[in-house]
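For reference, the structure discussed in these notes is given below.
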Amino acid sequence: MARLRPIRFSRSARLTPRGAALAAVGGASVIGAYTSGRPELLYLGCLTLLLPAVAVAFARFRRVGLTVARAFRPEPVGVGYPTVVELTIANGTQRPTPQVEWRDYRPWGSGGNESRVLPALAARGSRAATARLRYELIPPHRGEFPIGPLGARLADPFGLAKGEVAIGAVDWLVVTPVIRELPDTGLAILASDGASLLVRRSIGGEDDLSTREYRTGDAMRRVHWRATARHGELMVRQEEPRSHAEARIILDTRRSGYADHQSGRQGNEPESESFELAVSIAASIALHLARGGFAVEFVETGERHLPPVSPTDTFLRALATLELAGATGEYPVGSPLTSTRPDRAHGSVFAIVADADAATIERLAAQRTGFDLAVAFVVTWRDSRALETLRRAGWTCLPVALGDSIEDAWREVAELQGSRHGR
Numbered sequence: 001m002a003r004l005r006p007i008r009f010s011r012s013a014r015l016t017p018r019g020a021a022l023a024a025v026g027g028a029s030v031i032g033a034y035t036s037g038r039p040e041l042l043y044l045g046c047l048t049l050l051l052p053a054v055a056v057a058f059a060r061f062r063r064v065g066l067t068v069a070r071a072f073r074p075e076p077v078g079v080g081y082p083t084v085v086e087l088t089i090a091n092g093t094q095r096p097t098p099q100v101e102w103r104d105y106r107p108w109g110s111g112g113n114e115s116r117v118l119p120a121l122a123a124r125g126s127r128a129a130t131a132r133l134r135y136e137l138i139p140p141h142r143g144e145f146p147i148g149p150l151g152a153r154l155a156d157p158f159g160l161a162k163g164e165v166a167i168g169a170v171d172w173l174v175v176t177p178v179i180r181e182l183p184d185t186g187l188a189i190l191a192s193d194g195a196s197l198l199v200r201r202s203i204g205g206e207d208d209l210s211t212r213e214y215r216t217g218d219a220m221r222r223v224h225w226r227a228t229a230r231h232g233e234l235m236v237r238q239e240e241p242r243s244h245a246e247a248r249i250i251l252d253t254r255r256s257g258y259a260d261h262q263s264g265r266q267g268n269e270p271e272s273e274s275f276e277l278a279v280s281i282a283a284s285i286a287l288h289l290a291r292g293g294f295a296v297e298f299v300e301t302g303e304r305h306l307p308p309v310s311p312t313d314t315f316l317r318a319l320a321t322l323e324l325a326g327a328t329g330e331y332p333v334g335s336p337l338t339s340t341r342p343d344r345a346h347g348s349v350f351a352i353v354a355d356a357d358a359a360t361i362e363r364l365a366a367q368r369t370g371f372d373l374a375v376a377f378v379v380t381w382r383d384s385r386a387l388e389t390l391r392r393a394g395w396t397c398l399p400v401a402l403g404d405s406i407e408d409a410w411r412e413v414a415e416l417q418g419s420r421h422g423r
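For the sequence shown, position 61 matches number 61 in full-length UniProt numbering, and the numbering has no gaps at all.
Shown next, in the form of structure tokens:
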């Protein structure tokens, strides 16, 4: 999602019930003065009307010498996970401040904007001139969101009017997509015998090989019998990783590829629920493979906005503001999807698409020849013909619906690959 505009805060003031009642008495007195011919009622009415007017001006234009510093723990934060907002509020004047109500503005429409109480602060220079407050936020969407300014509600000494003033600046909270810890299924690159297991060399040991516990899907030919006898359970070899441990992640970022995109959406709502799931799947796979030692190339079908997967923090921050692109039609020359690798078919390619257009399906089908393993995660697919095109090209296609578990989808792909290669 794009970076949202900060909330425009306009300072305001209004009468309290007490002030409104006093104004009503004043108005009635003025009317009574003219109807009864009693001038003393006119004086009383003017006075009772003047007091609420002065109170409103006091609440509206009163200067506040408070400063606010805001921090998020943690930051960035993932969608649906809590972050603690820490506020340090200090009195920068020589006068103590009274107890006031406050709220921290943020763009979500429900919860979190309720008023809280800021205790009275002593004059500047005192230890009691600073207050530290904290509250919890759970962001519902991916994006970069403005938090603040702090709104403080002020009242006149007689409680006739209340005003709200903005204190401090806006701070930006980066909310990354949902990242799932994918299970270690062994699905990675396709070796010459069709196995999809990335294996590693240990520092030492028999035949310079390390071993690990047997997992469902491991080939029996890789069982290390001496280690099995020593440990009392099946153990398999972990060999040296192949130099072509590389993977390409293709994420469809074209707006035409998501039938549920909302052009007239509110700024704090996702443009497409399908796209949000696609981003989450792509990011989870990319980080899973990167942690496993793969050289991961992340490709967008629209204009390129994302940096390399490593360093992870920079990549996640860029994903927070990734938007659908308006690109349509054929892919330009030089695009990663227009180049194939017939001379070196190795590594893995993972595509995450939804209602991809014909040009994207055509380029994905052509990409299949350049990789040993090709898997397409298809989000809320509506065109079965395009799906069959990918399958005929050799892609393993797995439909993923909104609400499905990404971990289960990853596990299911590994099972499909294992059964295909007799595992």
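Cβ atoms here follow ideal geometry from the backbone N, Cα and C, with glycine treated the same way.
It is roughly 11 angstroms from the alpha-carbon of Ser12 to the alpha-carbon of Ala161.
Note that the stretch 64-79 does not touch the stretch 30-41; fewer than 3 beta-carbon pairs, one per stretch, sit closer than 8 angstroms.
Here Leu287 is buried: its Cβ has 16 or more other Cβ atoms, across all protein chains shown, within 10 Å.
Here DSSP, grouped into helix, strand and coil, assigns Pro399 to strand. Looking at the backbone, the Cα of Trp410 and that of Leu182 are separated by about 7 angstroms.
Taking 8 angstroms as the cut-off, the beta carbon of Val379 is found no closer than this to the beta carbon of Ala351.
Taking the Cα positions, Gly143 is about 17 angstroms away from Ser284. Each of Ser384, Ser405, Gly403 and Asp404 was checked against the Cα of Cys397, and the nearest Cα belongs to Ser384. By the criterion of a C-beta distance shorter than 6 angstroms, Thr301 is surrounded in its chain by Asp252, Thr253, Arg254 and Thr360, once the five residues flanking it on both sides are discounted.
Apart from the 5 residues on each side of it in sequence, Arg222 sits with its Cβ closer than 7 angstroms to the Cβ of Val236 and Arg237 in its chain, given in chain order. When Cβ pairs closer than 8 angstroms are counted between the two stretches, the stretch 119-129 is seen not to touch the stretch 16-28, the count staying below three. With 16 or more other Cβ atoms from the protein chains shown falling within 10 Å of its own Cβ, Ser348 counts as buried. Here the C-alpha atom of Pro74 lies approximately 23 angstroms from the C-alpha atom of Leu277. Leu316 has its alpha-carbon roughly 20 angstroms from the corresponding atom of Glu246. Collapsing the DSSP output to three states places Pro149 in coil.
As DSSP reads the structure, Val375 sits in a beta bridge with Phe350 and Thr396. Taking a C-beta distance under 8 angstroms as the contact criterion, Ile249 and Phe298 qualify as a contact pair.
As summarised for the stretch 7-60, the continuous beta strand (DSSP E) elements at least 3 residues long and confined to that stretch are 12-15, given in chain order. Taking all protein chains in view, the Cβ of Ser256 is crowded by 16 or more other Cβ atoms within 10 Å, so the residue is classified as buried. The closest CA to that of Ile179, considering only Tyr81, Val400 and Gly329, is found on Tyr81. When the beta-carbon positions are compared, Asp171 and Ala59 stay at least 8 angstroms from each other.
When the alpha-carbon of Ala325 is set against those of Pro149, Ile281, Glu271 and Phe371, the nearest one is in Glu271.
For Asp313, no beta strand (DSSP E) segment is defined; the enclosing uninterrupted segment is the alpha helix (DSSP H) at Thr312 to Ala320.
Take Val175, set aside five residues on each side of it, and the residues of its chain with a beta-carbon closer than 8 angstroms to its own are Pro76, Val77, Gly78, Val79, Pro139, His141, Arg142, Gly143, Glu144, Phe145 and Ala320, in chain order. Ranked by Cα distance from Val100, the options Thr83, Val84, Pro119 and Ile89 are led by Pro119. Per the C-alpha coordinates, the member of Val30, Arg62 and Val64 positioned closest to Thr48 is Val30. DSSP, reduced to helix, strand and coil, places Trp108 outside both helices and strands of the structure shown, so it counts as coil.
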